[in-house]
Structures are given as structure tokens and as C-alpha cells.
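Here the protein sequences come in this chain order: U and E.
Take the first sequence: its letters are residues 17 to 360, numbered as in this note's numbering.
Take the second sequence: its letters are residues 92 to 372, numbered as in this note's numbering.
Heads up: the structure comes next, in C-alpha cells.
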Amino acid sequence: MTRTLLITGAGGVGKTTVAAAIGVRAARHGMRTLVVTVDPARRLASALGVEELGNEPQPHHDEPNLWAAMLDASASWRAVAMRHAEPEVATRLADNEFFRAASEHFPASQSYAAADQAATFVQAKAWDLVVVDTPPSGGGIDFFTAPAQMADLVGGRLLRWITGGPLPGRRAFFNLAARPVLRMADSILGSDLLERVAEFLLDLRTTYDGVSQRGREIERVLRSASIFVITTADPAPVREAIKFYRELPGLASHPAAVVFNRALPEDWADATAPRGTSAALEQNFARWSAETIRQRDTREEFSSRYGAHIATIPWSSSTPTDLDGLASLLDEARELPWVEVGIS
Amino acid sequence: MLDKRLVLVSGKGGVGKSAVAAGLSLLAQRRGLRVLAMEMASPGGLSSHFGTGPLAFEPREVRPGLHAMQMVRSDALLEYLSLQVGIRGMSRFGPLARAFDALATAAPGIREIITIGKALWEVREDRWDVVIADAPPTGQIGSYLRAPITISELVPTGRVRSQADYMSATLRDPDLTELILLSLPEELPVTETEETLRWLAKEDVVAKATLIANRVLDELTDPETPPGPVGEAARLHRSLWSEQQLWLEKLPPDHILPYFYGLFTPGEVAAHLADEFEAIA
């Protein structure tokens, strides 16, 4: 059985590093582990042995059980079209300016592509553990809602309204009610822009059955996955973590933990500088002590309000640049539910 | 920064865009300017710093002289069509609005021009001395800044086209528009800022970008490391500080904002940032 662990949270909280660190740990416990990341820092990518974007998992050169894949969302989106459209339509879509724009602008497209790829890796049954570093869009919620949103985009009411009820042929045959509107819009825009868009949407619509069926498969994989929500104690990422807790039910399992990264040692909260400490050191300690108190209170509030299991990872001064650095990042982690990773 | 008519605050996700836009708005308000603060891309970003609850499309006065609003694309579209393009009497759910919504999903530049167009419209209206936007992150800001040009390429003539020309001109005018690129002295934000600067140099869509580094630590001058928590905190501080210095040297900012220790609420953070800007601006 392949376990799936989804690492979600806001941007900039160290999600990718934590995902990689967990992956290295699991690999060293003898689990065949794949780490899927979206946009890693260069130093981290090289530690994982993936320097080039590509959707194919690469085995690590000196860690026998570790694979890594760095997703190229635009390539994945194209793959979606190729997989679900007739060959002729797929070619037309791939060359279409609107398709490129839609794949960039549709907010959930990167999330959809990532979710689709991750599900493919899980379904391949080639690994004991697949750790997925999810795109930060929507605080990670997009990752779960993307399959349904995608199906809605290609088969939604709006598109049916513009293009008419049953699927027409290649020639765009617009809904009679929509026609005057389209003509009016054309006159404002001064070109046949809307008609070109509608033709594109018609092509896209032919992928609906494939996309919605695939969407249900992806949702099944996501629902059975374990989730770690990563955050720091800063207000903005905490707000995203709260949003995730509030909006999640129904889409996924309850998160196994909220992991507060960059945690300061708890004994800094109550310690005072001994007599004889210089003013500079005393001021420095007072500041970090205040920061420690803020972090502790933030965690306690989160736990009591949302009943979340809280874990912490200590603040390390620099990003690990090799596998040993990644593995030791979690040496001092507290309350991390390793059982969810498959390590007892 | 506050002598411009439009200030766009962008940066990688998580660097503190909303807080900085809120702090700048509070400073402008303190100075007696008529200010519009706009949540352009992340709903709730500014309102949490102002402590006001969710904002709406219609600007609301959150402090004397400071109004705040949230971008709502469907409302902005209606306003755009009615005020700028001259089509009146449309409903938010009417056929034309729906057709445009489909267009906005698929056509390059439409979604962005509605958003940036709203900000530029408010600049033109003269109701405000300055419009301060919590703008989309650096990963997306390019397509917003370039939207007027994208539209011009897509739509050769017509009313939308002439609006686009005026928008490009406003964005390019250094007396009217300022783009703030906020960053942290860390690898990913610096890399992303550098990419954005390269893109801006190539595209010529804004006259000038101001670089601000956020959460910068002071140097700890005492070299001692006594045993216990005081020494541990000194050691952590020094190693974070020297890591930060590397990134600050790689991409020297125009201004720096300090790390705030132990601040709880977004409101406190924004007020402190306003104090810091007082010293800079």
C-alpha cells in the first residue's frame, strides 16, 4: 500500500523543506519514498537531486530509497488536455493562445496539475510513501477543490450557456440567447474576440467526461491521504492555517497535525538574563523571549480553538543544503505524528 | 513614496505585503492625505490589519480620511463597462456580464485589466490623494502590469483599446505610479525579486521599482556567548543575521524594515510599520 502525506500551508513557511526532510527520514527508515515538490529553492532542489523541472520522478544518486519529482504545472496542464481530448482537438488546444492564458490564469490550474500528478504517482504503487508539497494557492485548499473546479470550468453552466445545450460540432454554434450579447461584446472589443474564445471553450468542453471522471479519482486519492498543515507563528500564515481548518471538512481527512515551524526553545519564555549580562545581550534576549511567548500563545490558542494536534520544528538558522542537514532538521521536532508517515 | 498617486505593493507570498500596504496607508492617513487602500488580490489581507472585518467593493472609511475596499471582479467589471466603456444598465448577473466572465477566464489580460483598471480609475477620479494597493504577488504582478499592453495587442481598435492606452501611460509615469517590491533577506524571496526586476527591465511597464527588505535583524554587537538561554539566543541571532546579510548584499534594498519581536495582532504590526515608514518616507 502506498501512503500519501500532503504538506499544506501558506507560502514562505518552509513547507518544501519540511516535506523533503520527512522524505529523507522515511527513506532512511527503509521506505521507498517519493517527494513531490512544486517550486523548491535551488539549494534544496540540488540536495534532493532534482535540478531540472520535469514530471518524472528521479532516483536520488546517493540515497537508495529516495526519489524526487519537481512538477512543471504548465506541462501537466497540457498533459490533461492531451489525455482527455481527441488528438485533433488536443493539438488545436495546445497551440491555442487562450488555452495558454487559461492555464496560467485559472487559479486552481497549478493545484489541479499538481493534484493530478500526485494521484498518478500514488496510483503507480511503486512507492511506500509519497510526500506531496502542495502549491500554496488558497492556503492549500485549492489543491483539494481543484478537481471539481476543473470539471466545472470545462463543463460548467456558463460554458453550456454560451455554446448551447448539446455539444455542437467544430463550428461554434452559439446559443441564440447569447448571440446578441456576443455581437454587442464584439462591437465593444472591436474584434471577433469573444467568438474565438467561445470556439476555444467548445474544444475544451469535449474533454469534460474525461476530466470529471479523473477528478473523482484524484479526489479519492486526496481523501485517503494524511495531512500536515505547516505554518509559522506569524499572523498571515496562521490565518491561512485557520482558513484551511474551517473550510476543509468534506474534502479531505482531518489534518494529523498543525506543524509550527521556526519554533524557539520554550524555556526562553520564562528565563531572565543573569546579573552581569551586557545591555546588548540582555536586550537581545528580551526580544527573543517576547517572540517565544508570542509563539507559545499562538500555538495554545490554535490548539484550544480548533482542537488541532500541535507539533513544532525548531528554528534553524539556515536552510539545509544536503541530505544529512535535511534529516537532522527534524531531530528536535516535537509531537510530529510519525505514525502517519509509517514510521513508528 | 506618498507623493505618488498610485502605490502598488508586491512581493513573494508570505513576505508581508498586506502589512506593509496597511502601514503605508496608516502613515498617509496620519499625514492628512485622502487615502484609498485596496485589497487587490488577497481578501482579508488589509482588513485584518485595520481591524475592521471584511471589506466590500464600495470603499468604507476605516479611519478618518482612510477608506478601504476589496476588489470584487464582477463588480469591477460592471463599473468598468458602465463608466469606462459606456455601457449602462447591466446587471451583475446579466448575459453580458456572464459572457465577459467567460472571456475573463480564458482571454489573456481581461481579468487583470479589470483589476488594475479599477485602481487606475480611482487614481483618475481625484477623490483620493493616493491609492495604495495590496497588489498581487510577484509571480502574477507582471501579467497585471502588462495587461493594458496585452489588451492592445489583442484588441486593435475600440473603446477598450483607448482605455488601455491611458492605463499604460499612467503606469509608466514615474510621478504617478510607484511599484514597491517587498522581499525578505532569504533565498526564495530574493530570487523571485531578481526575476521580477529582470522582467521589468525588459518590459518597461513601470518607470521605477523600489526595493524594500522586510524583517531585517539588527547586528548584535556583543561577541560574548554566555551559557544558558541568553547565549543560545545570541547564537541564533548572529547566525540568522549573517545569513540575512548575504542576501542583503546580493540584492541591496532601497529601504529596510526591522523584524518585530513579540507582536501579536495584525493591527499592532501595521501601526509599527507606519512608524517605521515615518522615518523613511
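Even glycine gets a Cβ: it sits at the ideal position worked out from N, Cα and C.
For U:Gly185, is the classification buried or exposed, using 16 other Cβ atoms within 10 angstroms of its Cβ as the cut-off for buried? Only weak support exists for where U:Gly185 lies, its pLDDT of 44 falling under 50; the coordinates are left without a value.
Is the distance from the Cβ of U:Val274 to the Cβ of U:Thr24 below 8 angstroms? no
Measuring alpha carbon to alpha carbon, tell me which residue in E:Ile271, E:Glu277, E:Ala210, E:Glu278 is nearest E:Leu288. Nearest to E:Leu288 by C-alpha distance, out of E:Ile271, E:Glu277, E:Ala210, E:Glu278, is E:Ile271.
Skipping 5 residues on each side, what residues in its chain have a beta carbon closer than 7 angstroms to that of U:Gly27? Pro152
Under 8 angstroms between C-beta atoms of E:Pro280 and U:Ala287: no
Smallest Cα separation from E:Tyr235: which of E:Leu115, E:Leu291, E:Ala370? E:Leu291
What residue from U:Ala42, U:Met17, U:Ala36 has the CA that sits closest to U:Ala85's CA? U:Ala36
Could you give the DSSP three-state label for E:Arg218: helix, strand or coil? Looking at E:Arg218 - three-state DSSP - the assignment turns out to be coil, as it is neither helix nor strand.
Between the CA atoms of E:Glu340 and E:Asp313 - distance to the nearest angstrom: Between the alpha carbons of E:Asp313 and E:Glu340 lies a distance of about 22 angstroms.
Whole angstroms is fine: what's the gap from U:Lys259's alpha carbon to U:Asp168's? 23 angstroms
Inter-residue Cα distance where the pair is U:Asp149 and U:Leu60: 13 angstroms
So is E:Lys103 in contact with chain U if we call contact Cβ pairs under 8 angstroms? yes
Residues of its chain near E:Lys299, where Cβ-Cβ distance is below 6 angstroms and the 5 sequence neighbours each way are ignored: Contacts found: Pro265.
Can you tell me whether DSSP reads U:Pro330 as helix, strand or coil? The answer is strand: DSSP assigns U:Pro330 an E or B state.
Got a sec? Which residues, its chain only, sit under 8 angstroms from E:Thr301 by beta carbon, not counting five neighbours each side? Taken in chain order, the residues that qualify are Met92, Glu269, Leu270, Ile271, Leu272, Asp345, His346.
Note down, one range per segment and in chain order, each beta strand (DSSP E) of at least 3 residues found wholly within the stretch 31 to 101 of chain U. 49 to 53, 70 to 75, 82 to 86
Per-residue DSSP class, three states only, for E:Gly233: Three-state DSSP puts E:Gly233 in a helix.
Smallest Cα separation from U:Asp144: which of U:Glu351, U:Thr20, U:Pro290, U:Ala296? Closest by alpha carbon: U:Thr20.
What span of residues does the beta strand (DSSP E) with U:Ala273 cover, start to end? 273 to 279
When the Cβ atoms of the stretch 103 to 117 of chain E are set against those of the stretch 129 to 140 of chain E, are three or more pairs found closer than 8 angstroms? yes
For U:Val40, does the count of other Cβ atoms within 10 angstroms reach 16, so buried, or fall short, so exposed? buried
Less than 7 angstroms separating the Cβ of U:Arg232 from some heavy atom of the ligand MN? This structure simply doesn't include the ligand MN, nor any ligand for that matter.
Got a sec: is the Cβ-Cβ distance from U:Glu307 to anything in chain E below 8 angstroms? yes
Residue environment, E:Arg252, which counts as buried when at least 16 other CB atoms sit within 10 Å: Buried is the call here.
To the nearest whole angstrom, what separates the beta carbons of E:Pro239 and E:Ser101, a pair I think is in contact under 8 angstroms? Not quite, the Cβ-Cβ distance comes to about 17 angstroms (not below 8 angstroms), so this is no contact.
Rounded straight-line distance, which links the Cα of E:Gly230 to that of U:Pro330: 29 angstroms
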